[in-house]
Amino acid sequence: MRRGGLELLDEEQPPAMRILRRGFASAPELQRGLATTIGFALLSALARLVLPILVQQTLDRGFVDGSIRVGFIASA
1 MRRGGLELLD EEQPPAMRIL RRGFASAPEL QRGLATTIGF ALLSALARLV LPILVQQTLD
61 RGFVDGSIRV GFIASA
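For reference, each letter of the sequence shown is one residue, going 1 to 76 in the numbering used here.
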(Lines of atoms letter the chains of each structure in order from A and count residues from 1; the text may use other names and numbers.)
(Lines give C-alpha, C1' and ligand atoms only; values in the text may rest on other atoms or scores of the structure.)
Protein backbone atom coordinates (compact mmCIF):
# COMPACT_ATOMS: atom_id res chain seq x y z
CA MET A 1 0.00 0.00 0.00
CA ARG A 2 1.32 3.46 -0.86
CA ARG A 3 0.68 6.67 0.99
CA GLY A 4 2.24 9.97 -0.09
CA GLY A 5 4.75 8.26 -2.36
CA LEU A 6 6.06 6.01 0.40
CA GLU A 7 5.56 2.29 0.51
CA LEU A 8 3.86 1.19 3.72
CA LEU A 9 4.70 -2.10 5.30
CA ASP A 10 1.93 -4.39 6.50
CA GLU A 11 2.72 -3.44 10.11
CA GLU A 12 2.21 0.27 9.36
CA GLN A 13 -1.33 -0.18 8.06
CA PRO A 14 -4.26 0.40 10.40
CA PRO A 15 -5.41 -2.90 11.97
CA ALA A 16 -8.79 -2.83 10.23
CA MET A 17 -7.16 -2.49 6.81
CA ARG A 18 -4.81 -5.41 7.54
CA ILE A 19 -7.75 -7.60 8.49
CA LEU A 20 -9.71 -6.64 5.36
CA ARG A 21 -6.70 -7.22 3.09
CA ARG A 22 -6.11 -10.68 4.58
CA GLY A 23 -9.79 -11.53 4.32
CA PHE A 24 -9.99 -10.47 0.67
CA ALA A 25 -6.79 -12.36 -0.13
CA SER A 26 -7.98 -15.59 1.47
CA ALA A 27 -11.61 -15.43 0.27
CA PRO A 28 -12.15 -13.62 -3.07
CA GLU A 29 -15.92 -14.10 -2.76
CA LEU A 30 -15.82 -11.43 -0.05
CA GLN A 31 -15.07 -8.88 -2.79
CA ARG A 32 -18.20 -9.90 -4.70
CA GLY A 33 -20.19 -9.79 -1.49
CA LEU A 34 -18.87 -6.33 -0.70
CA ALA A 35 -19.76 -5.12 -4.20
CA THR A 36 -23.27 -6.55 -3.83
CA THR A 37 -23.67 -4.93 -0.41
CA ILE A 38 -22.56 -1.56 -1.75
CA GLY A 39 -24.95 -1.94 -4.69
CA PHE A 40 -27.88 -2.66 -2.38
CA ALA A 41 -26.92 0.29 -0.17
CA LEU A 42 -26.91 2.63 -3.18
CA LEU A 43 -30.25 1.25 -4.37
CA SER A 44 -31.74 1.75 -0.92
CA ALA A 45 -30.43 5.31 -0.72
CA LEU A 46 -31.87 6.08 -4.15
CA ALA A 47 -35.26 4.67 -3.15
CA ARG A 48 -35.26 6.73 0.05
CA LEU A 49 -34.66 9.82 -2.09
CA VAL A 50 -37.05 9.10 -4.97
CA LEU A 51 -40.10 7.63 -3.19
CA PRO A 52 -41.05 10.71 -1.13
CA ILE A 53 -40.70 12.91 -4.22
CA LEU A 54 -42.83 10.49 -6.24
CA VAL A 55 -45.55 10.42 -3.57
CA GLN A 56 -45.55 14.23 -3.33
CA GLN A 57 -45.81 14.64 -7.11
CA THR A 58 -48.66 12.11 -7.23
CA LEU A 59 -50.56 13.96 -4.53
CA ASP A 60 -49.89 17.40 -6.05
CA ARG A 61 -50.60 16.56 -9.70
CA GLY A 62 -52.63 13.35 -9.59
CA PHE A 63 -55.57 14.78 -7.68
CA VAL A 64 -56.70 18.08 -9.22
CA ASP A 65 -60.00 19.89 -8.51
CA GLY A 66 -61.54 16.86 -6.86
CA SER A 67 -60.83 14.56 -9.81
CA ILE A 68 -58.27 11.82 -10.18
CA ARG A 69 -55.85 11.86 -13.12
CA VAL A 70 -55.43 8.10 -13.51
CA GLY A 71 -53.07 8.47 -16.49
CA PHE A 72 -50.67 10.65 -14.52
CA ILE A 73 -50.75 8.40 -11.48
CA ALA A 74 -50.21 5.27 -13.59
CA SER A 75 -47.26 6.85 -15.42
CA ALA A 76 -45.67 7.98 -12.15
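Ideal Cβ positions, reconstructed from N, Cα and C, are used throughout, including at glycine.
The structure displayed is predicted, hence computed values, not measured ones.
Can you check which of these residues, the options, is closest to residue i by C-alpha distance?
i          : options           : result
residue 60 : 73, 15, 19 and 43 : 73
I'd like the list of long-range same chain contacts for residue i, defined as Cβ closer than 7 Å, with 5 residues on each side in sequence excluded.
i          : result
residue 40 : none
Throw me the rounded Cβ distance for the residue i and residue j pair, which I believe falls under 8 Å.
i          : j          : result
residue 57 : residue 76 : 6 Å
residue 24 : residue 13 : That pair is no contact at about 13 Å.
Identify, in the order they occur along the chain, each residue of the same chain with its Cβ nearer than 6 Å to the Cβ of residue i, setting aside the five sequence neighbours on each side.
i          : result
residue 53 : none
residue 62 : 69, 72 and 73
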